[in-house]
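Residue numbers (my numbering), protein chains in the order written: chain A, 123 to 299; chain B, 76 to 220.
By construction, the Cβ of each residue, glycine as well, lies at the ideal position given by its N, Cα and C atoms.
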């Protein structure tokens, strides 16, 4: 190899590595869930606005559902909320809220003011269920299939693109609105 | 002008701030306390990734420390507690990743770089020494500074 060509080749290789790193950085900065392809963790939690109610994993077996981890102290949750409300008009999918380390009164006020996209909201006051799901920052949104397996996790505010590409596309074919 | 003593106190305070621990958990005995300290220092805070959960002030780190403390008291082994964390957050939560197919490059890339560097150095030194050996030009001593 020519002695002048060698530095050029090394530069090209490094530039290539940098390019790949930059292009794929969104996926790298939001780490993949350790639960992908695995059963969603068991839980049994109080239901927001229903003192006698409880929601457990077993109640959701047999259908695909979306878990949205949110809290009133979370800025990204406010950003994505209008989109969730819009998404919720599509009745094909069950959206379960996980109200993470929040105050019930504040959470209920939030849903009254901004609209309630959730079919049901489970209250995770001590944060244990969030840990079981490997949540490290709200909002996070999971897709759990009809067999109870976690198929996708989105970190950060939901976007229409991510919803279409990663969530809607995972609904079983033939499910009608 | 600030007196020397006051100045010294201020400097001391400057160093005191980062030392103040975010974690005041006390476990029932010294052995558990030592294992607690070791474990919380080897688990990454997922929200601020260059901190361990022992050093991080965010509430998720506090929740994870609570898990470590509760499980230690419940008699879990260190490995069981590590597994609990890895099952939920993946290998990233361990500052020292396990050696497996997907992390092999993390472990061996520095070694490969070192070997590559040694090879390059040896080649250069060999070539230069051959250059000197084959150089029969006369050095004019007076030209040296």
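Which same chain residues end up closer than 6 Å to residue i when comparing Cβ atoms and leaving out the 5 residues on each side of it in sequence?
i, result
"residue 142 of chain A", "none"
"residue 249 of chain A", "223"
"residue 133 of chain B", "122"
"residue 274 of chain A", "265 and 288"
"residue 203 of chain A", "236"
"residue 128 of chain B", "115, 118, 120, 136, 139 and 140"
"residue 151 of chain B", "none"
"residue 254 of chain A", "163"
"residue 108 of chain B", "102"
"residue 97 of chain B", "132"
DSSP on residue i, reduced to helix/strand/coil?
i, result
"residue 289 of chain A", "helix"
"residue 274 of chain A", "strand"
"residue 244 of chain A", "strand"
"residue 152 of chain B", "coil"
"residue 182 of chain B", "helix"
"residue 204 of chain B", "helix"
"residue 198 of chain A", "helix"
"residue 129 of chain A", "helix"
"residue 101 of chain B", "coil"
"residue 282 of chain A", "helix"
"residue 157 of chain A", "coil"
"residue 294 of chain A", "coil"
"residue 227 of chain A", "helix"
"residue 196 of chain B", "helix"
"residue 254 of chain A", "helix"
"residue 188 of chain B", "helix"
"residue 184 of chain A", "coil"
"residue 268 of chain A", "coil"
"residue 159 of chain B", "helix"
"residue 144 of chain B", "helix"
"residue 174 of chain B", "coil"
"residue 162 of chain A", "coil"
"residue 109 of chain B", "helix"
"residue 81 of chain B", "helix"
"residue 143 of chain A", "helix"
Excluding the 5 residues preceding and the 5 following residue i in the sequence, name in chain order all residues of the same chain whose CB lies nearer than 7 Å to its CB.
i, result
"residue 161 of chain B", "168 and 169"
"residue 166 of chain B", "172, 173 and 178"
"residue 170 of chain A", "221, 226, 229, 230, 243 and 245"
"residue 144 of chain B", "100, 102 and 111"
"residue 293 of chain A", "186, 214 and 215"
"residue 205 of chain B", "none"
"residue 79 of chain B", "none"
"residue 199 of chain A", "192, 193, 260 and 261"
"residue 164 of chain B", "121"
"residue 252 of chain A", "191, 220, 222 and 246"
"residue 202 of chain B", "none"
Say yes only if the C-beta of residue i is nearer than 8 Å to one or more non-hydrogen atoms of the ligand ZN, and no if none qualify.
i, result
"residue 220 of chain A", "Looking for the ligand ZN in the displayed structure turns up nothing, as the structure carries no ligands at all."
I'd like the list of long-range same chain contacts for residue i, defined as Cβ closer than 8 Å, with 5 residues on each side in sequence excluded.
i, result
"residue 184 of chain A", "268"
"residue 84 of chain B", "none"
"residue 148 of chain B", "102, 103 and 107"
So who's on the other strand from residue i, going by DSSP bridges?
i, result
"residue 135 of chain B", "Bridge partners of residue 135 of chain B: none, in fact."
"residue 263 of chain A", "A:190 and A:276"
"residue 176 of chain A", "A:168"
"residue 119 of chain B", "B:127"
"residue 219 of chain A", "A:190 and A:243"
"residue 204 of chain A", "None; residue 204 of chain A has no bridge partner."
"residue 136 of chain A", "None; residue 136 of chain A has no bridge partner."
"residue 169 of chain B", "B:118"
Which whole-angstrom value describes the C-beta separation of residue i and residue j, a residue pair presumed to lie in contact below a C-beta threshold of 8 Å?
i, j, result
"residue 173 of chain B", "residue 181 of chain B", "The Cβ separation is near 10 Å, so there is no contact."
"residue 115 of chain B", "residue 140 of chain B", "5 Å"
"residue 167 of chain A", "residue 177 of chain A", "6 Å"
"residue 284 of chain A", "residue 155 of chain A", "About 14 Å separates the two Cβ atoms, so there is no contact after all."
"residue 240 of chain A", "residue 259 of chain A", "Rounded, the Cβ-Cβ distance is 20 Å, inconsistent with contact."
"residue 205 of chain A", "residue 282 of chain A", "7 Å"
"residue 270 of chain A", "residue 161 of chain A", "5 Å"
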